[in-house]
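Residue numbers (this note's numbering): 218 to 697.
C-beta: ideal position from N, C-alpha, C; glycine also.
A quick note: this is a predicted structure, and the numbers were derived from the prediction, not measured.
Working notes, beginning with the structure itself.
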């Protein structure tokens with residue numbers, strides 16, 4: 218692949234669609250504002266709109282024509298730029314993960330999108346080839362990962378029966394989609410969309426019409442609308458998650474994990490085992506009572522799941538009693554144990570205070586401005602006290618040979634982090650004056666990630682426990 222290659226011509230159209238998507242709201246607002254009484258003004262606005270769209274299309278085509286890639290002298294070399302020619306040379310040894318995606322348009326033309334991620338490369342892919350043939354993706358992947366070429370990019374089915382394989386069941390997919398909490402994302406997206414067009418959508422007129430046909434009190438009417446809104450948002454969230462994780466499969470081959478998922482848009486990620494920095498075990502408030510959890514990979518490269526805090530989902534939904542067996546097959550270096558060294562009881566008050574203090578100003582403000590209904594915000598006090606207690610109950614640590622386990626609760630989710638000593642970049646101990654009086658301390662570890670590193674912290678552990686973990690960590694320095 219030493220000769221410069223171009224992507225498939227459809228890449229120019231995909232570039233146009235991407236730019237159009239980024240400008241769709243300004244274009245629509247421009248169209249609405251441009252409407253006037255004068256036919257001449259309307260015509261001029263339409264012409265201007267057409268010029269913008271044609272300009273985006275031409276830019277997309279020029280971007281495709283000027284974009285070339287090749288592999289030469291141990292580097293992936295990219296040249297691009299419509300008006301200013303730019304070059305990017307990436308040494309093969311810096312490449313962490315390679316993701317392959319096939320969206321609707323790519324699948325129509327038998328193409329795939331290939332993304333190359335590097336450690337410290339940021340949230341975006343270092344290189345993105347939006348439309349290339351599967352054979353080219355196989356060839357490029359084989360060169361960049363220095364492994365034999367796989368016959369299929371998106372359907373790695375050969376020899377799966379002889380290799381460790383995990384595939385999500387229909388029951389697990391439905392439970393995953395129903396308990397994902399995706400309703401929050403949907404509601405945020407709806408409000409963000411409506412806020413752009415609030416001036417043009419006749420909400421008041423619509424509500425008046427509905428109110429004429431519904432003979433209910435105003436309070437019941439509002440409650441009904443809220444319930445319907447939440448129900449519809451939940452259904453949309455379930456559908457989004459079901460489509461995203463349909464056909465989810467993990468196959469281990471030699472020293473790599475091949476993760477594929479998606480129904481409408483198929484995705485594949487290749488993760489070398491030596492790039493794994495930690496394993497994160499997550500249980501949210503809904504799944505924890507049901508005995509389900511999600512297992513994620515913290516890797517030095519990128520992520521197939523950008524919505525998961527730049528982590529890669531290894532098992533979207535599994536029973537907690539199955540985790541140990543699956544880890545043994547796929548990442549045998551890591552072990553999960555239920556036994557944990559808890560934080561001391563004298564730290565309970567600090568956990569509750571840290572949960573309650575942030576909501577006190579909110580309660581005061583709401584009670585003052587929305588009297589008397591604002592006093593209902595006082596219900597937040599017992600809820601935040603409960604959250605503080607749960608954080609206290611779940612916090613802890615454990616050392617197993619070369620593995621450090623940290624456990625804590627982030628917002629509503631219980632997090633268990635498994636880290637190998639050799640993967641920990643730094644270990645911090647912090648002690649405030651208040652902690653010093655109670656002989657408590659906070660510990661924090663840092664690992665590599667695709668941005669600038671990630672930190673994980675357990676607060677208010679026994680002071681002597683903090684020093685135990687610190688001594689365990691610095692033996693790494695002494696041995697090296």
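To the nearest angstrom, report how far apart residue i and residue j are at their CA atoms.
i           : j           : result
residue 208 : residue 449 : Missing from the structure shown is residue 208; the chain here goes from 218 to 697 and no further.
residue 371 : residue 479 : Caution is warranted here: a pLDDT of 49 is assigned to residue 371, below 50, making its placement in the model unreliable, and no coordinate value can be reported.
residue 233 : residue 277 : 5 Å
residue 580 : residue 642 : 41 Å
residue 659 : residue 593 : 35 Å
residue 551 : residue 502 : 25 Å
residue 559 : residue 681 : 13 Å
residue 303 : residue 222 : 16 Å
residue 369 : residue 671 : Because residue 369 carries a pLDDT of 48, less than 50, the predicted location of this residue cannot be relied on, and the following value inherits that uncertainty. Each residue's alpha carbon lies about 34 Å from the other.
residue 645 : residue 679 : 15 Å
residue 454 : residue 394 : 7 Å
residue 297 : residue 335 : 19 Å
residue 538 : residue 545 : 13 Å
residue 459 : residue 489 : 27 Å
residue 630 : residue 273 : 43 Å
I need the boundaries of the alpha helix (DSSP H) containing residue i, first residue and last residue.
i           : result
residue 362 : 351 to 362
residue 510 : Residue 510 -> not in any alpha helix (DSSP H); beta strand (DSSP E) instead, spanning 509 to 516.
residue 571 : 565 to 573
residue 389 : 387 to 395
residue 582 : 577 to 586
residue 323 : 321 to 325
How would you write the range of the beta strand (DSSP E) that residue i sits in, first residue to last?
i           : result
residue 601 : Where residue 601 is concerned, there is no enclosing beta strand (DSSP E), although the alpha helix (DSSP H) it sits in stretches over 597 to 611.
residue 650 : Element bounds for residue 650: not the beta strand (DSSP E) but the alpha helix (DSSP H), 650 to 654.
residue 383 : 382 to 384
residue 334 : 328 to 335
residue 641 : No beta strand (DSSP E) contains residue 641, which DSSP labels as neither H nor E.
residue 593 : Segment: none, residue 593 is in no beta strand (DSSP E) and carries neither H nor E.
By the 10 Å Cβ neighbour count, where 16 or more other Cβ atoms means buried, how is residue i classified, buried or exposed?
i           : result
residue 585 : exposed
residue 510 : buried
residue 348 : buried
residue 515 : buried
residue 359 : exposed
residue 327 : exposed
residue 635 : buried
residue 665 : buried
residue 677 : buried
residue 555 : exposed
residue 365 : Because residue 365 carries a pLDDT of 46, less than 50, the predicted location of this residue cannot be relied on, and the following value inherits that uncertainty. Looking at its Cβ environment, which holds fewer than 16 other Cβ atoms inside 10 Å, residue 365 is exposed.
residue 776 : Absent from the structure is residue 776, since the part of the chain shown begins at 218 and ends at 697.
residue 414 : Bear in mind that a pLDDT of 49 at residue 414, under 50, signals an unreliable position, so the number given afterwards is only what the model happens to contain. Result: exposed.
residue 513 : buried
residue 533 : buried
residue 209 : With the chain running from 218 to 697 in the structure shown, residue 209 is simply not present.
Flag residue i as yes when its Cβ comes closer than 8 Å to any non-hydrogen atom of the ligand FAD, and as no otherwise.
i           : result
residue 675 : In terms of ligand content, the structure shown is empty, and the ligand FAD therefore cannot be addressed.
Does the pairing of the stretch 221 to 231 with the stretch 283 to 303 give three or more beta-carbon distances under 8 Å? yes
Would you say the stretch 680 to 693 touches the stretch 624 to 633, given that touching needs at least three Cβ pairs under 8 Å? no
Counting pairs of beta carbons, one from the stretch 678 to 690 and one from the stretch 603 to 623, are three or more of them closer than 8 Å? yes
Contact between the stretch 565 to 580 and the stretch 599 to 608 is defined here as three or more beta-carbon pairs at a separation below 8 Å; is this criterion met? yes
Is the stretch 454 to 468 in contact with the stretch 378 to 392, if contact means three or more CB pairs nearer than 8 Å? yes
Quick check: the stretch 313 to 322 against the stretch 479 to 499, are there 3 or more CB pairs under 8 Å? yes
Counting only runs of 4+ residues fully inside the stretch 528 to 564, write out the alpha helix (DSSP H) ranges in chain order. 540 to 547
Of all the alpha helix (DSSP H) runs that stay within the bounds of the stretch 236 to 316, which reach a length of 4 or more residues? 256 to 283
Where in the stretch 449 to 511 do unbroken runs of the beta strand (DSSP E), each at least 3 residues long, occur, reported from the N-terminal end onward? 466 to 470, 473 to 478, 483 to 489, 493 to 500
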